[in-house]
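In what follows, a single structure is set out as structure tokens and then discussed.
In my numbering, the protein residues as written are -18 to 131.
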């Protein structure tokens, strides 16, 4: 099993909106791998931490985490993406906070979702991170697991 990071960035959605979607629907807006290639093949049950960084060089915030949930249907070439059909109301919730994608919007769904105490703590010592979905290396996993057990 691999560990993963999803790092959100840039308006129109902010850290609060991104964390809200995780709170309300256990979902993270995510482009399909055919649109933005994923850096590997995540599997159901893999750990994932949701981070936020407004801009390059800015602070990295920890928003939450959980384990990737499998979809019983194949969506966009993977069994990890979910749509509004799978998570009723998620598309409207995402659009209301600024996400785009219309009817083709897709999401990673997490199980065992957990959130940091105290809101959105800064993550120090994480090293370079990529926006969107990336594999967490061993040192990143150690830092993140120390802040939030997933």
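Positions of the beta carbon are idealized from the N, C-alpha and C atoms, including for glycine.
Can you grab the Cα-Cα spacing for the pair residue 117 / residue 70, in whole Å? Position 136 of the chain shown, counted from the first residue, corresponds to residue 117. Position 89 of the chain shown, counted from the first residue, corresponds to residue 70. Their Cα atoms are separated by approximately 30 Å.
Report task. Can you give me the start and stop residues for the beta strand (DSSP E) that residue 95 sits inside? Result -> Position 114 of the chain shown holds residue 95. Where residue 95 is concerned, the enclosing beta strand (DSSP E) stretches over 88 to 95.
| task | Would you check if the distance between the CB atom of residue 16 and the CB atom of residue 48 is smaller than 8 Å? | result | For this step, residue 16 is matched to residue 35 along the chain shown. For this step, residue 48 is matched to residue 67 along the chain shown. In this structure, residue 48 does not lie closer than 8 Å to residue 16 by Cβ.
Check: Can you name, in chain order, every residue of its own chain whose Cβ lies under 7 Å from the Cβ of residue 50, other than the five neighbours on each side?
Finding: On the chain shown, residue 50 is found 69 positions in, with the first residue counted as 1. So the list reads 25, 90, 91 and 92, once near-sequence residues are dropped.
Q: Below 8 Å on the Cβ atoms is my guess for residue 78 versus residue 32; work out the distance and round it to an integer in Å.
A: Taking the first residue of the chain shown as 1, we reach residue 78 at position 97. Taking the first residue of the chain shown as 1, we reach residue 32 at position 51. Not really, about 17 Å apart at Cβ, beyond 8 Å.
Quick one: measure Cβ to Cβ for residue 56 and residue 87, integer angstroms, because I've assumed they're closer than 8 Å. Residue 56 sits at position 75 when you count from the first residue of the chain shown. Residue 87 sits at position 106 when you count from the first residue of the chain shown. Confirmed, about 6 Å.
Problem set entry | residue 110 versus residue 54 - alpha carbon distance | Stepping through the chain shown from its first residue, residue 110 is reached at position 129. Stepping through the chain shown from its first residue, residue 54 is reached at position 73. When rounded, the distance between both Cα atoms is 30 Å.
**Report entry** For residue 59 and residue 14, believed in contact at Cβ under 8 Å, the rounded distance
**Finding:** On the chain shown, position 33 is the one that residue 14 refers to. On the chain shown, position 78 is the one that residue 59 refers to. About 6 Å; that satisfies the 8 Å criterion.
query: From which residue to which residue does the beta strand (DSSP E) around residue -16 run?
result: Position 3 of the chain shown, counting from 1, holds the residue named residue -16. For residue -16, the enclosing beta strand (DSSP E) starts and ends at -16 to -11.
- residue 99 to residue 123, Cα distance in whole Å? Numbered from its first residue, the chain shown carries residue 99 at position 118. Numbered from its first residue, the chain shown carries residue 123 at position 142. Taking the straight line from one Cα to the other gives about 20 Å.
### Message
Give me, in chain order, the residues of the same chain whose beta-carbon lies closer than 6 Å to that of residue 30; leave out the 5 immediate sequence neighbours on both sides.
### Response
Stepping through the chain shown from its first residue, residue 30 is reached at position 49. Correct list, in chain order: -14, 46 and 125.
Going by DSSP, name the residue or residues bridged to residue 8. For the purposes of this step, residue 8 is taken as the residue at position 27 of the chain shown. Per DSSP, 90.
Worksheet entry | Coarse secondary structure for residue -1, derived from DSSP in three states | Walking along the chain shown from the start, residue -1 turns up at place 18. The answer is helix: DSSP assigns residue -1 an H, G or I state.
field: Chain-order list of residues whose beta-carbon lies under 8 Å from that of residue 121 (same chain, five-residue window excluded)
entry: Taking the first residue of the chain shown as position 1, residue 121 is located at position 140. Once the five neighbours on either side are set aside, the close Cβ partners of residue 121 are -16, -14, 107, 108 and 110.
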